[in-house]
Structures are given as C-alpha cells and as structure tokens.
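Undergrad: Take this structure, written in structure tokens, and hold onto it; I'll ask about it next.
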Amino acid sequence: MISVYNIHRSSEVWDRAEEFAPERFDLDGPVPNETNTDFRFIPFSGGPRKCVGDQFALMEAIVALAIFLQHMNFELVPDQNVSMTTGATIHTTNGLYMKLSRRLK
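The sequence shown lines up with residues 1 to 105 when you count with the UniProt record's numbering.
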C-alpha cells in the first residue's frame with residue numbers, strides 16, 4: 001500500500017511540496033496523469049489497478065461544463081486590447097475578459 005496523500009506532499013518528490021502550485025504543470029502540455037509525471041501525481045492511482053472511475057470523472061466534468069455553458073450568455077467586455085501569440089496553441093497574451101449573464105429561456 002502507498003499513501004497518495006503523502007506522495008503528493010513529499011518534499012522528496014516535489015519542490016515546495018506544501019504549497020498549492022498549479023504552475024508545476026505545463027499549461028501547454030498534456031493533462032497531468034500518472035504516466036507523464038513519472039507516477040508523482042496519482043490522484044486516481046496508476047497501472048492496471050487504477051481507478052475505473054477516472055475517465056468517468058473527466059467526462060462528468062466535461063458534461064457539467066457543457067450544461068453550465070448552455071445556461072449562460074457571453075459578452076465581450078468593451079475596450080480591450082486583444083492581442084494573440086502562438087506556441088503549441090494560439091492564445092491571447094493578456095486574457096480575454098467576458099461578461100456572463102444567465103440565459104433567459
């Protein structure tokens with residue numbers, strides 16, 4: 001048995017292990033999982049006995065986001081200086097601010 005809690009907070013495995021530091025994971029890279037983090041990040045365990053619900057949890061999050069987006073209107077905040085940059089993907093350099101409002105039925 002291993003302790004996922006202790007691995008995720010081990011200073012032998014992570015720099016600044018006790019801090020919430022999402023920047024440890026490359027935003028342009030793949031979603032962190034057991035294989036691309038050398039089994040240092042294992043929220044669903046890993047290998048042949050990993051959690052059977054990991055793909056379900058990911059799909060559930062996608063569906064929840066889709067339902068949320070169906071119920072919202074998006075309006076671009078005016079007077080923004082929107083500029084783009086390229087890398088692995090094309091994205092804005094300073095973000096893109098939107099106003100959200102509930103969609104009327």
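Just so it is clear, CB atoms sit at the ideal spot from N, CA and C, and this is done for glycine as well.
Quantities reported herein were computed from a predicted structural model and do not represent experimental measurements.
Can you tell me whether N81 is helix, strand or coil according to DSSP?
TA: Within the sequence shown, residue 81 is the residue found at index 81, counting from 1. DSSP places N81 in coil when its eight states are reduced to three.
Undergrad: Are V82 and T92 touching if we call contact CB-CB under 9 Å?
TA: Within the sequence shown, residue 82 is the residue found at index 82, counting from 1. Within the sequence shown, residue 92 is the residue found at index 92, counting from 1. Their beta carbons are under 9 Å apart, which means V82 touches T92 by this criterion.
Undergrad: Taking P43 as the reference, which of R102, R9 and T89 has the closest Cα?
TA: Taking the sequence shown and counting its residues from 1, one reaches residue 43 at position 43. Looking at the Cα atoms, R9 is the closest of the given residues.
Undergrad: How would you call F68, buried or exposed, if buried means at least 16 neighbouring beta carbons within 10 angstroms?
TA: Counting from 1 along the sequence shown, the entry for residue 68 is found at position 68. Looking at its Cβ environment, which holds fewer than 16 other Cβ atoms inside 10 Å, F68 is exposed.
Undergrad: Considering just the uninterrupted stretch of the alpha helix (DSSP H) at F68, what are its terminal residues?
TA: One-based indexing of the sequence shown puts residue 68 at position 68. F68 -> alpha helix (DSSP H) spans D54 to Q70.
Undergrad: By DSSP's criteria, I90 is part of a beta bridge. Which residues make up the other side?
TA: Here residue 90 refers to the residue found at position 90 of the sequence shown. Answer by DSSP bridge pairing, in chain order: T86.
Undergrad: Below 8 Å on the Cβ atoms is my guess for D26 versus G87; work out the distance and round it to an integer in Å.
TA: Counting from 1 along the sequence shown, the entry for residue 26 is found at position 26. Counting from 1 along the sequence shown, the entry for residue 87 is found at position 87. Between G87 and D26 the Cβ distance is about 11 Å, and since that is not below 8 Å, they are no contact.
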